[in-house]
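Below you'll find the structure, written out as structure tokens, and then a few comments.
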Amino acid sequence: MINKVVANADEAVRDIPDNAVLMLGGFGLCGIPENSIAALLRKGIKGLTCISNNAGVDDFGIGLMLQTKQVKKMISSYVGENAEFERQLLSGELEVDLIPQGTLAERIRAGGAGIPAFFTPAGYGTEVAEGKEVREFNGKMHLLESWLKADFSIVKAWKGDTSGNLIYKGTARNFNPMMAAAGKITIAEVEELVEPGELDPNNIHTPGIYVQRIFQGEQYEKRIEQRTTRIR
Amino acid sequence: MINKVVANADEAVRDIPDNAVLMLGGFGLCGIPENSIAALLRKGIKGLTCISNNAGVDDFGIGLMLQTKQVKKMISSYVGENAEFERQLLSGELEVDLIPQGTLAERIRAGGAGIPAFFTPAGYGTEVAEGKEVREFNGKMHLLESWLKADFSIVKAWKGDTSGNLIYKGTARNFNPMMAAAGKITIAEVEELVEPGELDPNNIHTPGIYVQRIFQGEQYEKRIEQRTTRIR
Amino acid sequence: MGLDKIGIAKRIAQEVQDGTYINLGIGIPTLVSNFIPDDINVVLQSENGLLGIGPFPEEESIDADLINAGKQTVTTTAGSSLFSSAESFEMIRGGHVHLTILGAMEVSESGDIANWKIPGKMVKGMGGAMDLVASADNIIVAMQHCSRSGDSKLLKVCSLPITGIACVKKVVTDMAVMDVLPEGGFKLLERAPGVSVEEIQQATEGKLIVEGEIPEMQFD
Amino acid sequence: MGLDKIGIAKRIAQEVQDGTYINLGIGIPTLVSNFIPDDINVVLQSENGLLGIGPFPEEESIDADLINAGKQTVTTTAGSSLFSSAESFEMIRGGHVHLTILGAMEVSESGDIANWKIPGKMVKGMGGAMDLVASADNIIVAMQHCSRSGDSKLLKVCSLPITGIACVKKVVTDMAVMDVLPEGGFKLLERAPGVSVEEIQQATEGKLIVEGEIPEMQFD
Chain E
1 MINKVVANAD EAVRDIPDNA VLMLGGFGLC GIPENSIAAL LRKGIKGLTC ISNNAGVDDF
61 GIGLMLQTKQ VKKMISSYVG ENAEFERQLL SGELEVDLIP QGTLAERIRA GGAGIPAFFT
121 PAGYGTEVAE GKEVREFNGK MHLLESWLKA DFSIVKAWKG DTSGNLIYKG TARNFNPMMA
181 AAGKITIAEV EELVEPGELD PNNIHTPGIY VQRIFQGEQY EKRIEQRTTR IR
Chain L
1 MINKVVANAD EAVRDIPDNA VLMLGGFGLC GIPENSIAAL LRKGIKGLTC ISNNAGVDDF
61 GIGLMLQTKQ VKKMISSYVG ENAEFERQLL SGELEVDLIP QGTLAERIRA GGAGIPAFFT
121 PAGYGTEVAE GKEVREFNGK MHLLESWLKA DFSIVKAWKG DTSGNLIYKG TARNFNPMMA
181 AAGKITIAEV EELVEPGELD PNNIHTPGIY VQRIFQGEQY EKRIEQRTTR IR
Chain Z
1 MGLDKIGIAK RIAQEVQDGT YINLGIGIPT LVSNFIPDDI NVVLQSENGL LGIGPFPEEE
61 SIDADLINAG KQTVTTTAGS SLFSSAESFE MIRGGHVHLT ILGAMEVSES GDIANWKIPG
121 KMVKGMGGAM DLVASADNII VAMQHCSRSG DSKLLKVCSL PITGIACVKK VVTDMAVMDV
181 LPEGGFKLLE RAPGVSVEEI QQATEGKLIV EGEIPEMQFD
Chain D
1 MGLDKIGIAK RIAQEVQDGT YINLGIGIPT LVSNFIPDDI NVVLQSENGL LGIGPFPEEE
61 SIDADLINAG KQTVTTTAGS SLFSSAESFE MIRGGHVHLT ILGAMEVSES GDIANWKIPG
121 KMVKGMGGAM DLVASADNII VAMQHCSRSG DSKLLKVCSL PITGIACVKK VVTDMAVMDV
181 LPEGGFKLLE RAPGVSVEEI QQATEGKLIV EGEIPEMQFD
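Protein chains in written order, with my numbering: chain E, 1 to 232; chain L, 1 to 232; chain Z, 1 to 220; chain D, 1 to 220.
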């Protein structure tokens with residue numbers, strides 16, 4: 001096996017330049033690469049294009065990188081819960097591409113899978129269709145959508161081994177597996193880093209082939225957006 | 001949860017009519033739905049179109065259905081190791097569509113995923129490209145390929161629960177997960193059928209939503225094509 | 001007069017069929033799950049990667065790694081499965097999810113829906129809504145019949161940027177249950193208790209089709 | 001005279017770079033894995049859904065559910081992963097597998113390869129070969145220089161139905177190592193021990209480019 005371990009988040013993001021295209025895993029604040037985002041904040045690179053389903057909240061996740069104005073463009077499906085985001089967008093400081101969530105997931109999957117374009121029904125007849133090729137299949141109209149790739153993909157998993165195999169937990173999986181495959185360089189941060197052989201080969205969610213760098217994150221805040229409970 | 005259990009293979013295939021389009025999981029003889037194939041032989045329906053990566057061997061797997069001439073057409077990527085197959089093909093008794101394996105896997109995946117067509121580089125410049133739309137992306141030529149769907153998909157898993165969740169073992173996974181999603185009716189046979197809650201939700205390979213019928217197979221021969229060993 | 005949110009959710013729960021997979025949007029749709037009868041077996045899908053949404057967790061078993069599409073903490077149930085966003089939308093786009101219930105700002109008489117954007121005012125994004133309405137066979141909209149300012153939300157043509165065209169099959173509001181006919185028009189099926197056909201007609205800008213007696217909604 | 005299959009496999013093993021993912025075809029390519037030096041870390045991919053192919057099993061640990069693409073029983077190793085055929089070809093088509101080594105019936109001087117069909121005679125199918133040659137950055141062909149009847153397999157133009165165009169980067173035969181140049185032509189790099197440039201020239205129907213002294217292959 002090939003050893004992909006780097007010491008920490010700072011080493012993992014060391015060569016990400018200004019104006020890079022990044023993918024960042026997560027849905028809301030669930031499954032986001034907290035340690036790598038902190039390292040990107042420390043590094044202070046600018047002009048980033050961030051592909052991520054959401055943009056974090058004002059004071060956590062990608063929202064932190066919006067505060068420091070490191071992000072030039074967001075490619076997302078939903079960016080609510082974020083006042084600073086809305087301010088930068090309405091003022092024109094931030095470019096935003098809004099993409100239907102399933103199309104976003106599939107375009108990223110296509111990027112990793114070597115599929116340059118595919119047809120999907122989502123968005124036909126809406127603003128999303130503007131400028132796109134339309135074609136009918138089985139009586140239903142579809143849009144041609146292209147793949148998305150990243151210079152660096154940054155994903156977060158529950159467990160990983162030194163050869164880059166990853167296992168996610170719960171709904172923290174979300175966009176992470178497709179993004180892992182769609183990055184030229186993929187950085188994985190994990191809660192627990194183990195030796196090859198400790199993870200069941202039958203239960204790997206992201207095979208190590210997609211991961212170039214891996215490290216164990218230092219601590220995870222895992223902030224909850226909507227804490228909802230029931231009485232016993 | 002929704003209970004999908006049927007008594008046995010005969011009940012599972014009860015309403016498959018002549019001339020149906022079937023998908024059958026497996027790679028070589030690994031991960032094939034042995035019990036369901038036996039039931040199809042007993043049922044004696046004819047004129048079937050079978051989508052399966054391989055066509056079994058002369059006396060096992062889909063090869064048995066070729067012996068009984070139940071198959072009108074095979075859609076596969078590789079059909080070696082099968083003399084009766086070759087005879088029927090060369091005599092014109094059997095129609096065959098040969099498709100590159102990755103394109104076959106992706107077309108089936110597209111069928112389950114609601115993607116009617118996609119571009120892939122495989123087969124450009126070859127016989128496979130005949131009659132297909134060609135388009136250049138990033139300086140590389142690609143073919144437009146369409147989804148594949150089945151009236152009935154028949155898959156084999158290691159473990160399953162009564163609500164249709166499946167876990168495969170080893171390389172017996174192969175085409176089974178995509179086929180499970182691409183069938184109008186999907187029949188799953190498993191080595192061990194358990195109650196909901198007994199399988200870890202984080203390790204499910206095929207979510208139950210894709211499966212309409214499930215049963216525990218009676219015995220598995222699991223014939224090996226190339227028994228290769230090393231001396232200790 | 002008319003139903004409250006709970007009432008809308010209760011009425012929609014009557015539409016839920018046994019043995020189906022359902023995606024519930026944020027808001028009133030989420031409430032629907034509370035009113036599905038025990039003898040109706042359904043599985044709820046959350047597009048962020050969970051099939052088989054369980055009840056909210058007890059305080060001590062909250063798991064930040066287990067949320068629904070509204071970012072609320074949830075639980076799994078026996079028979080749940082977890083998967084990626086790509087797999088989740090394979091289920092949706094591939095037609096495996098039978099019913100989508102979602103909110104809307106506007107619905108047109110041809111079944112168009114608008115619920116993702118108010119130009120110059122609100123830019124949250126469409127999330128999974130465009131995929132959902134383009135895919136499921138059955139789309140039910142849960143909403144108020146009129147906006148807070150009293151304007152009808154059931155229109156001839158949507159005024160806001162649309163989420164999908166000709167996709168809504170049924171609309172349940174505080175005032176009425178209506179089918180959206182394939183040839184266009186809201187066909188009135190039921191009135192909310194105490195609401196008259198005239199009141200519904202007045203609150204509906206789009207074409208309302210009224211044939212024969214219109215019964216009141218029935219609740220157990 | 002010339003190399004046997006083991007020799008070809010040994011020579012190709014010298015091409016394998018540390019830290020790469022490799023797909024090995026059936027036949028000579030499978031043998032290559034035996035000769036990769038211990039200090040070169042590579043991971044072997046099997047397109048039926050296994051990354052990290054281990055050695056053949058001992059008799060008592062044979063598992064019918066664990067085979068390679070040649071349908072041979074294999075094992076996993078520490079760090080292996082298992083996946084579907086769709087995922088497997090995502091790896092291949094997406095360019096994550098760096099090197100493909102496969103056999104061929106013919107290779108043309110422009111890098112076309114034919115290895116899946118002999119019209120009227122053999123109809124086994126292409127398997128994963130068309131995906132592999134259309135995808136990997138580096139494609140090395142392992143084959144005999146001439147057919148059993150003595151005809152060159154290194155041609156100006158392939159006579160058999162092709163598997164892929166302009167994709168082969170290097171050819172290693174029993175007689176020689178050659179690069180296929182982007183502008184066309186087999187550039188002779190090395191001779192098998194005891195084989196002369198003239199003999200290689202005679203056995204090569206396609207354009208052979210010979211510049212300067214051509215060294216013999218070196219084996220440890």
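The beta carbon of each residue, even a glycine, is placed where N, CA and C say it ideally should be. Just so it is clear, the structure is predicted and the values come from calculations on it, not from any experiment.
With 9 angstroms as the threshold, decide whether the Cβ of F131 of chain Z is near any Cβ in chain E.
-> One point to set straight first is that residue 131 of chain Z is Asp, not Phe, in the sequence displayed. It does; some Cβ of chain E falls within 9 angstroms.
Hey, quick one: how far does the alpha helix (DSSP H) through I51 of chain E stretch, first residue to last?
-> Not the alpha helix (DSSP H): I51 of chain E falls in the beta strand (DSSP E), residues L48 to I51.
Neighbourhood of L144 of chain E by C-beta, 8 angstroms cutoff - its chain only, sequence neighbours within 5 removed | A117, F118, F119, K132, E133, V134 and R135
Within the 9 angstroms Cβ cut-off, does I224 of chain E reach chain Z?
-> Chain Z, which has a Cβ nearer than 9 angstroms to the Cβ of I224 of chain E, makes this yes.
The region 202 to 216 of chain Z / the region 4 to 24 of chain D touching (three or more Cβ pairs under 8 angstroms) = no
Under 8 angstroms Cβ-Cβ, which residues of chain E neighbour V123 of chain Z?
-> V79, E86, L89, L90, V96 and L98
Would you call the region 154 to 170 of chain Z and the region 124 to 135 of chain Z touching, i.e. three or more CB-CB distances under 8 angstroms?
-> Flag = yes, the region 154 to 170 of chain Z and the region 124 to 135 of chain Z touch.
V6 of chain E and R213 of chain E closer than 9 angstroms at C-beta | yes
What is the rounded straight-line gap between the Cα of G127 of chain Z and the Cα of A188 of chain L?
-> 33 angstroms
Within-9 angstroms CB hit, M1 of chain L to chain Z | yes
CB-CB under 6 angstroms to D10 of chain L, same chain, minus the five flanking residues each way: which ones, in chain order?
-> A39
Output, in sequence order along the chain, the residues in the region 36 to 51 of chain Z whose CB is closer than 9 angstroms to any CB in chain L.
-> N41, V42, V43, Q45, L50 and L51
At a Cβ threshold of 9 angstroms, is E145 of chain L touching chain Z?
-> no
Enumerate in chain order the residues of its own chain whose CB-to-CB distance from G164 of chain L is below 6 angstroms, with the five nearest sequence positions on each side excluded.
-> So the list reads K4, G208, V211 and I214, once near-sequence residues are dropped.
Just mark F85 of chain E as buried or exposed, buried being the case when its beta carbon has 16 or more other beta carbons within 10 Å.
-> buried
In its own chain, which residues sit with a C-beta less than 6 angstroms from the C-beta of V141 of chain Z, not counting the 5 before and 5 after it?
-> A104, V107, V168 and V171
So, is the C-beta of V168 of chain D closer than 9 angstroms to a C-beta in chain L?
-> no
Are L99 of chain Z and V16 of chain Z closer than 9 angstroms when you measure CB to CB?
-> yes
Roughly how many angstroms separate the alpha carbons of A180 of chain E and I75 of chain L, rounded to a whole number?
-> 32 angstroms
Looking only at C-alpha atoms, which of E:K149, E:A122 and E:E130 sits nearest to M141 of chain E?
-> E:A122
Of all Cβ atoms in chain E, is any one closer than 9 angstroms to the Cβ of M178 of chain D?
-> no
Closest residue to S85 of chain D among D:R93, D:S61 and D:A78 (Cα-Cα distance) = D:R93
How about G47 of chain L and N174 of chain L: do their beta carbons lie closer than 9 angstroms?
-> Not a contact, by the Cβ cut-off of 9 angstroms.
Please list the partners that S163 of chain L has in chain Z, where partner means a Cβ-to-Cβ separation under 7 angstroms.
-> G79
Just tell me which of E:I115, E:G44 and E:G56 has its CA closest to the CA of S146 of chain E.
-> E:I115
Would DSSP call D10 of chain L helix, strand or coil?
-> helix
In this structure, what does DSSP give as the bridge partners for Y21 of chain Z?
-> Z:V43
Alpha carbon to alpha carbon, how far is K43 of chain E from A110 of chain L?
-> 41 angstroms
Tell me whether Q72 of chain Z is buried or exposed, calling it buried when 16 or more other Cβ atoms sit within 10 Å of its Cβ.
-> buried
Find the residues of chain E that neighbour A172 of chain L, judging by a C-beta separation of less than 7 angstroms, and give them in chain order.
-> Chain E residues near A172 of chain L: none, gap ~10 angstroms exceeds 7 angstroms.
Report yes if the C-beta distance between R230 of chain L and E58 of chain D is below 9 angstroms; otherwise report no.
-> A contact, by the Cβ cut-off of 9 angstroms.
How about M1 of chain E and T76 of chain D: do their beta carbons lie closer than 9 angstroms?
-> no
Roughly how many angstroms separate the alpha carbons of V43 of chain Z and P182 of chain D, rounded to a whole number?
-> One Cα belongs to V43 of chain Z, the other to P182 of chain D, and the distance between them is close to 56 angstroms.
Does any C-beta atom of chain D lie closer than 9 angstroms to the C-beta of L166 of chain L?
-> no
Tell me, please, whether the CB atom of N34 of chain Z is closer than 9 angstroms to any CB atom in chain E?
-> no
Beta-carbon proximity of K169 of chain E to G217 of chain E, cut-off 9 angstroms | no
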